[in-house]
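> This is the structure I want to talk about, given as structure tokens.
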Amino acid sequence: MLMMAAANELVMVFLGLEILSIATYVMAGFRRTDLKSNESALKYFLLGSFSSAFFVYGVALIFGATGSTNLLVIADALRSSEIQISLVSLSAALMLIALCFKVAVAPFHVWTPDVYEGAPTPVTGFMSVGPKAAGFAVLFRVFLTAFPSIEDRWGSAIWMVAALTMVLGNVIAVVQPNIKRMLAYSSIAHAGYVAVAFAATSNQGVSAALFYLLAYSLTNLGAFAMVTIISRKDDKVVDVTDYAGLGSKRPGLAAVLSLFLLSLAGVPGTAGFAGKFFIFRAAVESRLVWLAIIGVVTTVVSFYYYLYVIVQMYMREPHDEFSDVRLHGSLKFALMISAAGTLYLGLLPTRVLDWTATAALSALR
């Protein structure tokens, strides 16, 4: 992931992409005797192979057009009138499709629910955060460093993808009875919010995206850690209704899970609210007011399925005593870090936002 995010060479980006992809294919199929896990790994591998082929074909085309795979050299070459813009545009489109698959934005998201549901829950938590953050880092770096001169050709695609992703992710999540599938569609929706920051194509947008990815990572990892704990060893508890009565039987666990769900929804005082506020502000400053409005409306929709889980925990009779739920020391420490980070970023976001602003200026220099 670090190789992908830091690379100035498209070849190195591709190598990092493949190393990460192969590792996640194996992790998705970690339970060799579980048919769902095997199916998850196979689907991810087959569709991921296509996206990798798209990316490497795009790299080949840009090399043919500019004679280089270095992002800065490509940017300089595109300022020349001798470059075949149609070939460059095709290259950018192929790489955009490949990276959109990696970050799971619509309409390249179809693999996500099945893969997330079938993979072991800890792996799903990692997949929802690590590859997504790395993929967005590559998207920002490649397109805002190498292709800013042809923004008029790819910019409109980004805002359409952002709008479609926010709408589809949140609307479909409303009807999901399985909590892992619900969080999968939630993950898709959150990718749409980051895409809004990408569509802004400004330093403020990049800074907001970095802040949001940090906030989302802390919150989503915490949420999946809670699902892992409550589901036990074999992912036995996976339906939202299985969480009924958790608030009365295990109030501490219910309170922590509620914090993460409220942050994902964007309740004031949490990291999710601060992240969405900065993203929508960047969109408005870039005159993407209508995109910010779609983001706000879909955020309101998301309250339904996040609060539905909380209602089950606190306002329904328990189906399970949750007596065999064990909270080990390592998980307890991880939850403390995630919960503290979620509250800190929500209540005191300024210092971290300053860091992300500095990082944005450095990355796009």
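For what it's worth, the working numbering labels the leading residue of the sequence shown as 15, then goes sequentially. Note that CB positions come from ideal geometry on N, CA and C, so glycine has one too. Predicted model, so just to flag it, every value in this text is computed and none were measured.
Closest by CA to T82, which one among L153, V102, T38 and L49?
Looking at the sequence provided, one finds Ser at residue 82 rather than Thr. When each option's Cα is compared against that of S82, the closest is V102.
> For the alpha helix (DSSP H) containing G188, name the first residue and the last one.
The residue you asked about is not Gly; residue 188 is Val in the sequence shown. Premise fails: V188 is in no alpha helix (DSSP H) and is neither H nor E.
> Determine, using beta carbons only, whether A147 and M141 come nearer to each other than 8 Å.
Not closer than 8 Å, so no.
> For D253, does the three-state DSSP call read helix, strand or coil?
Three-state DSSP puts D253 in a strand.
> What did DSSP end up calling N96 once you bin it into helix, strand or coil?
Checking the sequence, you will find Glu at residue 96 rather than Asn. Here E96 sits in coil by DSSP.
> Measuring alpha carbon to alpha carbon, tell me which of L341, L362, A258 and A374 ends up nearest V325.
Nearest of L341, L362, A258 and A374 to V325, Cα basis: A258.
> Spatial neighbours of S201 within its chain, please: C-beta separation below 6 Å, excluding the five flanking residues on both sides.
Once the five neighbours on either side are set aside, the close Cβ partners of S201 are S142.
> Pull up the distance between the alpha-carbon of N217 and that of S54, whole angstroms please.
Near 37 Å, if we compare the C-alpha coordinates of S54 and N217.
> Closer than 8 Å is the cut-off here; do at least three beta carbon pairs connect the segment 66–79 with the segment 120–129?
No, because fewer than three Cβ pairs between the segment 66–79 and the segment 120–129 fall closer than 8 Å, the two stretches do not touch.
> Closest to L113 by CA distance: which of L197, A209 and V270 is it?
That would be A209, whose Cα lies nearest to the Cα of L113.
> Which residues bound the alpha helix (DSSP H) around R264?
That residue, R264, is in no alpha helix (DSSP H); it is neither H nor E in DSSP.
> Just verifying my parser: in three-state terms, what is the DSSP assignment at E165?
In the structure shown, E165 sits in a helix (DSSP, three-state: H, G or I).
> Indicate the three-state DSSP secondary structure (helix, strand or coil) for E2 in the structure shown.
The shown model of the chain, from 15 to 379, leaves out residue 2, and the question about it has no answer.
> For I186, which residues from the same chain have a beta carbon less than 7 Å from its beta carbon, with the 5 sequence-adjacent residues on both sides left out?
Excluding sequence neighbours, I186 sits near Y199.
> Buried or exposed for T312, going by 16 or more other Cβ atoms inside 10 Å?
Buried is the call here.
> Return the chain-ordered list of same chain residues with a C-beta closer than 6 Å to the C-beta of Y130, the five sequence neighbours on each side being excluded.
Excluding positions up to five away in sequence, the list reads T138, K194 and A198.
> Shorter than 7 Å, the distance from the beta carbon of A21 to the closest heavy atom of the ligand SAH, or not?
You won't find the ligand SAH in this model; it holds no ligand whatsoever.
> Whose C-alpha, out of V27, M26, N192 and V117, is nearest the C-alpha of I172?
I172 has its Cα closest to that of V117, out of V27, M26, N192 and V117.
> At 4 residues or longer, what runs of the alpha helix (DSSP H) sit wholly inside the segment 290–366?
Listed in chain order, they are 303–329 and 343–361.
> State the start and end residues of the unbroken alpha helix (DSSP H) segment that holds R46.
Counting along the chain, R46 falls outside any alpha helix (DSSP H), and DSSP gives it neither H nor E.
> Measuring alpha carbon to alpha carbon, tell me which of F161, G43, V181 and A306 ends up nearest A106.
The option with the nearest alpha carbon to A106 is F161.
> Pairs of beta-carbons, one from the segment 261–281 and one from the segment 176–192, closer than 8 Å: are there three or more?
Contact fails: fewer than three Cβ-Cβ distances are below 8 Å.
> So is R264 buried or exposed if we call it buried at 16+ other beta carbons inside 10 Å?
Flag for R264 reads buried.
> Please report how far the alpha carbon of R93 lies from the alpha carbon of M174, in whole angstroms.
Each residue's Cα considered, the two are about 26 Å apart.
> Would V254 and M196 be called neighbours here (beta carbons separated by less than 8 Å)?
Yes, these two residues count as a Cβ contact at 8 Å.
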